[in-house]
Amino acid sequence: MRKKIVAGNWKMNNDLAETELFLAELKKQVFPENVVVMIAPSFTNLNHAFKSLREHNVELVAQNMHQNNEGAFTGEISAKMLKSVGAKTVILGHSERRAFFNEDNAVLAEKVNTAIENEMTIIFCIGEELEDRKKGTHFELIKTQLSEGLFHVSDDAWENIIIAYEPVWAIGTGETASPAQAQEMHKFIRKTIAESYLEVIAEKISILYGGSVKPDNASEIFGQDDVDGGLIGGASLKVDSFMKIVNSF
Ligand code: PEP
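Count the sequence shown with the numbering used here and you get residues 101 to 349, in order.
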């Protein structure tokens, strides 16, 4: 049985006071037993969130990390630092990191290695631009992102890997992939993993969909066979909409 996961990616939103308000509200909620709930606040609020959520079943996620373990990298955050403030899971390869911070598959492969070496769980994001979809090269692109960024890992490493398929044209745009488009790509991703690794590994991997998931479209998307949950941006910033999505399975 694959894990069902809803992860909120706050991006560069919510200062300390806003984080406190959100957490106070979140802690009053009852989560469905079969859903793993995660939130990814900014680096500056991770430790506060960790302490605040100690008694609660919410996993804390970092939005990024550096590929080196330490050193002269002004402004960067290491895996060890993240773990020391309670974040054992990290998002790698988000399309905003790829687009605005020039993170390519090669650097992502290094980050993947560092996360594994530090025994962290990885939410590995992949997704095509609208142009790729229009040209019909989206499957090929996804395969390349997987093979160059992730497919060097050992069989064992898959225990701690979650994939997030996020078509770039659907992120923050209000445009969602149709449930059929999401299912088609998730099935392709699973098949691609099965071809490079083992069928049993592919069957166990949670593949999340991300891209304008909202309370009114979540259940149809989550109802697809190969969709195991969502990585949620905008709609994760309010407890009310986030909880409606958490309750959408
Ligand atoms: C995201 O940032 O991962 C995301 C899916 O954003 P949104 O839900 O706002 O499209």
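By construction, the Cβ of each residue, glycine as well, lies at the ideal position given by its N, Cα and C atoms.
Residue i classed as buried or exposed, judged by whether at least 16 other C-beta atoms fall within 10 angstroms
i       : result
Met-138 : buried
Asn-202 : exposed
Asp-328 : buried
Arg-198 : buried
Met-343 : buried
Asn-114 : buried
Ala-140 : buried
Glu-133 : exposed
His-252 : exposed
Asn-164 : buried
Ala-117 : exposed
Lys-234 : exposed
Arg-102 : exposed
Thr-273 : exposed
Thr-189 : buried
Asp-326 : buried
Asn-175 : For the record, residue 175 in the displayed sequence is Gly; it is not Asn. Burial call: exposed.
Leu-298 : exposed
Glu-219 : exposed
Distance cut-off 7 Å: residue i Cβ against heavy atoms of ligand 3
i       : result
Val-346 : The model on display carries ligand 1 but not ligand 3.
Spatial distance of residue i from residue j (CA atoms)
i       : j       : result
Leu-230 : Lys-180 : 36 Å
Val-185 : Asn-157 : 17 Å
Val-135 : Gly-310 : 16 Å
Glu-159 : Lys-128 : 16 Å
Ile-301 : Ile-262 : 12 Å
Glu-155 : Phe-224 : 27 Å
Phe-322 : Ser-348 : 7 Å
Thr-119 : Glu-303 : 36 Å
Ala-172 : Val-106 : 35 Å
Asp-255 : Ile-305 : 12 Å
Ala-282 : Leu-246 : 17 Å
Ser-320 : Pro-279 : Before going on, a small fix: residue 320 reads as Glu here, not Ser. If I take the Cα positions, the gap works out to 6 Å.
Lys-287 : Leu-182 : 32 Å
Asn-169 : Ser-178 : 6 Å
Option nearest residue i by Cα separation, candidates the options
i       : options                            : result
Trp-110 : Phe-349, Asn-347, Ser-341, Ile-332 : Ile-332
Ala-294 : His-238, Lys-243, Met-101, Glu-118 : Lys-243
Leu-123 : Lys-104, Leu-146, Ile-105, Asp-256 : Leu-146
Phe-143 : His-166, Phe-131, Leu-126, Arg-233 : His-166
Ile-307 : Ile-216, Pro-267, Gly-330          : Gly-330
Asn-213 : Leu-241, Phe-131, Gly-249, Ala-149 : Gly-249
Ala-206 : Glu-284, Val-161, Gly-193          : Gly-193
Thr-215 : Ile-191, Ile-226, Asp-232          : The question names Thr, yet the displayed sequence has Ala at residue 215. Cα-wise, what sits closest to Ala-215 is Ile-191.
Glu-240 : His-148, Ile-222, Met-285          : Met-285
Leu-121 : Lys-151, Val-339, Ile-222          : Val-339
Host beta strand (DSSP E) of residue i (start-end)
i       : result
Ile-301 : Premise fails: Ile-301 lies in the alpha helix (DSSP H), 299 to 304, not in any beta strand (DSSP E).
Ile-222 : 221 to 226
Glu-159 : 158 to 162
Asn-109 : 104 to 109
Gly-186 : It is not in any beta strand (DSSP E) - Gly-186 carries neither H nor E in the DSSP assignment.
Ile-177 : It is not in any beta strand (DSSP E) - Ile-177 carries neither H nor E in the DSSP assignment.
Ile-242 : Note, Ile-242: premise wrong, no beta strand (DSSP E); alpha helix (DSSP H) at 238 to 249.
Ala-264 : 261 to 265
Ala-199 : Premise fails: Ala-199 lies in the alpha helix (DSSP H), 195 to 200, not in any beta strand (DSSP E).
Leu-331 : 329 to 332
Residue i - containing alpha helix (DSSP H), residue span
i       : result
Glu-295 : 279 to 296
Ile-321 : 318 to 322
Ile-345 : 339 to 346
Val-207 : 205 to 217
Leu-121 : 116 to 126
Leu-230 : 230 to 235
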